[in-house]
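So for the sequence shown, our numbering puts the first residue at 1; every next one is plus one.
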Amino acid sequence: MMKIASNRNREVVKNEGILVGYLLAGYPNKEDFITLIKKIRNTTLDVLEIGLPSENPSADGDTIRKAHKNVDLSLCQDIEYWKLIRECTTKPIWLMAYKQDFIDNNLYKEFSRNGIMDAIVIPDCTYEEHDKLEQELKEFNVDVLKFIKPTLDREEIKKRAAASSLLYAQLYDGPTGASNAKGNYHLMLKIALEYSDAKVFAGFGIDTKEKVSELFQQGFHGVIIGTAMIKMLNISDKELIKFINDIKEKVL
């Protein structure tokens, strides 16, 4: 396995059944988001995947797109706000962003220098771009998740898995949040586990504890839950906390 750069990530991958939960920075509003991060400190969530607000969240489904429309985009550049987020939790922060919002404008460099995140999740970068970012961000102890999906050929999955420490495995090809979407991910997982020691995280369309349990039994090291997290938050933060704890307690 490629060496994991972040100390927090190295610690968290020692756990079995790693639960990663997505939240959008500044949602439902700037102040309540900070309160929410504090409330989540004592939940069974292992990793916080925090989305950078975007005008065009192209890989996301309707639920997360609507959340982006209701967030103040100026928060992207508000480094003091991001420092406050970092101070509010000891959990690893995986910064999920789109290339044009975070990489092309070099914002990622400022975030890295300020120790905001433990990893970046950039779905619209190429493998080569991910690899270049990984080399660049080592000195800041920031990991770069690389992506695999069922539509990639065997050799491409092998190449990406072998060169990864943390691997984001899309269960299907398409936007997030489609719980009934079908993808033949079993072969993808088999190849990744056979040719790599990377920690493999399943993502896209995971919304029930039954699905989480199934994925862990199949061999995934962790799951990334996004749309279901936002749906629960849209009801209340209390429902979200209950959802997080219920998944971990019922599955493990």
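Note that the Cβ used here is the ideal one computed from N, Cα and C, for glycine as well.
Closer than 6 Å by C-beta to V200: which residues in its own chain qualify, once you throw out the five before and the five after it? Chain order, please. For the purposes of this step, residue 200 is taken as the residue at position 200 of the sequence shown. The answer, listed in chain order, is L167, A169, A192, F220, H221.
F201 - partner residues in DSSP beta bridges: Taking the first residue of the sequence shown as 1, we reach residue 201 at position 201. Bridge partners of F201: Y168, G222.
What's the C-alpha gap between Y98 and K66? In the sequence shown, counting from the first residue as 1, residue 98 sits at position 98. In the sequence shown, counting from the first residue as 1, residue 66 sits at position 66. Cα-Cα distance, rounded: 16 Å.
Is it the case that the Cβ atoms of D114 and K83 are separated by a distance below 9 Å? Your numbering for residue 114 matches position 114 in the sequence shown. Your numbering for residue 83 matches position 83 in the sequence shown. This sequence places Asn at residue 114; Asp is not what is there. Contact annotation: N114 and K83 have beta-carbon atoms nearer than 9 Å.
Taking buried to mean at least 16 other C-beta atoms within 10 Å of its own C-beta, is T151 buried or exposed? Counted from its first residue, the sequence shown places residue 151 at position 151. Note on T151: under 16 other CB atoms within 10 angstroms of its CB, so exposed under the neighbour-count rule.
Is the CB-CB distance between Y27 and N70 below 9 Å? Taking the sequence shown and counting its residues from 1, one reaches residue 27 at position 27. Taking the sequence shown and counting its residues from 1, one reaches residue 70 at position 70. Going by C-beta atoms, Y27 is nearer than 9 Å to N70.
Can you name the start and end residues of the beta strand (DSSP E) that Y22 belongs to? For the purposes of this step, residue 22 is taken as residue 22 along the sequence shown, with counting starting at 1. Bounds of the beta strand (DSSP E) holding Y22 are 18 to 24.
Pick out the complete beta strand (DSSP E) segments inside the region 78 to 103, 3 residues or longer, and give them in chain order. Within the region 78 to 103, the complete beta strand (DSSP E) runs of at least 3 residues are 93 to 96.
Nearest candidate by alpha-carbon position, reference D153, set C125, N184, S164: As a working mapping, residue 153 is identified with position 153 in the sequence shown. Nearest C-alpha to D153: N184.
Mind checking E254: buried by the 16 CB within 10 Å criterion, or exposed? Residue 254 lies beyond the range of the chain shown here (1 to 252); nothing can be said about it.
Could you please give the first and the last residue of the uninterrupted beta strand (DSSP E) stretch that includes F147? Locating residue 147 in the sequence shown gives position 147, where the first residue counts as 1. Where F147 is concerned, the enclosing beta strand (DSSP E) starts and stops at 146 to 148.
Assuming I120 and C88 form a contact by the criterion Cβ under 8 Å, report the distance between their Cβ atoms to the nearest whole angstrom. The residue labelled residue 120 in the question sits at position 120 within the sequence shown. The residue labelled residue 88 in the question sits at position 88 within the sequence shown. 19 Å between Cβ atoms; not a contact.
Around the Cβ of I247, are there at least 16 other Cβ atoms within 10 angstroms (buried) or fewer (exposed)? Position 247 of the sequence shown, counting from 1, holds the residue named residue 247. By the Cβ neighbour-count rule, I247 is buried, with 16 or more other Cβ atoms within 10 Å of its own.
DSSP bridge partner residues for L233 (one or two, in chain order): Locating residue 233 in the sequence shown gives position 233, where the first residue counts as 1. Bridge partners of L233 according to DSSP: none are assigned.
What are the start and end residues of the beta strand (DSSP E) that includes A119? Along the sequence shown, read from residue 1 onward, the residue named residue 119 stands at position 119. Unbroken beta strand (DSSP E) run through A119: 119 to 121.
Using the Cα positions of I148 and L189, report the straight-line distance between them to the nearest angstrom. As a position in the sequence shown, residue 148 is number 148, starting the count at 1. As a position in the sequence shown, residue 189 is number 189, starting the count at 1. Each residue's CA atom was taken as its position, placing I148 and L189 some 9 Å apart.
Excluding the five sequence neighbours on either side, which residues of its own chain have a C-beta within less than 7 Å of the C-beta of D237, listed in chain order? Within the sequence shown, numbered from 1, the residue matching residue 237 stands at position 237. For D237, where only same-chain residues beyond five positions count, the Cβ hits under 7 Å are L36, K39.
Would you decide whether S112 is buried or exposed? Buried here means 16 or more other CB atoms lie within 10 Å of its CB. For the purposes of this step, residue 112 is taken as residue 112 along the sequence shown, with counting starting at 1. Burial call: buried.
Assess, as a yes-or-no matter, whether the region 224 to 238 is touched by the region 7 to 24 under the definition of 3 or more beta carbon pairs within less than 8 Å. They touch, by the three-pair rule.
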